[in-house]
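Numbering (our numbering), first residue to last: 2 to 384. The beta-carbon is built from N, C-alpha and C at its ideal position, and this holds for glycine as well. For clarity, every value in this text was computed on a predicted model and none was experimentally measured.
Written out as structure tokens, the structure reads:
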């Protein structure tokens, strides 16, 4: 008989536990939050998004396109970067509604490895870096502050390609070859969401890789000048490995990934660390399962983490996304709840407001995710 039509009783130490149907209905942990898809009347593909605040968000896409909202997604302005019609902006980092950096991914031999900067809200863009040297393919950028930033590229001459800036992205310097971290045969990074490289606190940066036998995580604590590397138990290959990273304290962080040729496979796709990236362990699979390209932190309140203090455990949740859909974890990646099947390539949260982007013009917004688990309620009665 269905549970909705009866109560359940079973003895426990001389007492009977009564589990009433209306109480049982409260035990499931389900997300009440929903993504609100925004129709911007475009079919460009997007893998770059940065929410500066709940109301200001920048997006990068194909055909040299950048979009921006300053009113929480109610309206969007589209900008076409001059001379960049063939470029695919795979990462974007903004400082406010006026200043942003856009990075294009693509083969340097085809003049696609470029970085642009705007200081007038997207009206005009200055080319601040380009290269045609063989093998360069830019994967992602991030900034510690308004001056110091870093850019990652696939290995050249057997070592990861690293750029740094100390003037807000106006000028970029290539890290000398002897200072770059060595890559294993076939090892590379994925330019899927702009989050295969992520800074953390002051001077610390992490890089997640794939392409070889097992995924690895590189770490620098001196603004990218020197590097250490840790192996992980996540399998990798030419189309699989780590796609996104995120930290919520100095020591605690997550990596997500999978295989971009098998985007719905029920295979391990989450790694956790509690010692600052030295060691990584497999965690619970997301729901829905499959490739996850991006991971972000939802804050219960609109507060920016400074990279040093610990966030209260009941004040944040972890959100991961990929082609099969998005998931939220309320227990630091041990278990997951589905947020929907929209295929977001990349996510960005500013406090309690998040934006997701994907293919064919997909943009959505979410807010007010519950950060508390509903607990099972029991009624005890005498025999």
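Query	Result
Simplified DSSP assignment, three categories, for residue 180	helix
Residue 225 versus residue 187: straight-line alpha-carbon distance, rounded	22 Å
Member of 139, 64, 88 and 149 whose CA lies at the smallest distance from the CA of residue 190	139
Alpha carbon of residue 366 to alpha carbon of residue 350, nearest angstrom	10 Å
Three-state secondary structure (DSSP) of residue 1	Here the chain has residues from 2 to 384 only, and residue 1 is not among them.
Proximity of residue 192 and residue 294 at Cβ, strictly below 8 Å	no
Through-space distance from residue 346 to residue 48, alpha-carbon basis	5 Å
Sheet register partners of residue 94 (DSSP bridge)	102
Secondary structure of residue 349, DSSP reduced to three states	strand
Cβ-Cβ distance between residue 265 and residue 285 below 8 Å	no
Proximity to residue 160 [Cα-Cα], best of 170, 167, 175 and 166	175
Per-residue burial, residue 343 [other beta carbons within 10 Å of its own, 16 or more giving buried]	buried
Candidates 86, 137, 98 and 85, of which the one nearest residue 108 by Cα	137
Which listed residue (123, 135, 115 and 67) has its alpha carbon closest to that of residue 129	115
Rounded separation between residue 195 and residue 252 - CA only	22 Å
Counted within 10 angstroms of its Cβ, other Cβ atoms place residue 227 as buried (16 or more) or exposed	exposed
Sub-8 Å separation of residue 198 and residue 153 beta-carbons	yes
Beta-carbon gap between residue 283 and residue 50 smaller than 8 Å	no
Cβ-Cβ distance between residue 102 and residue 204 below 8 Å	no
Complete runs of the alpha helix (DSSP H) confined to the region 32 to 58 [at least 4 residues]	none
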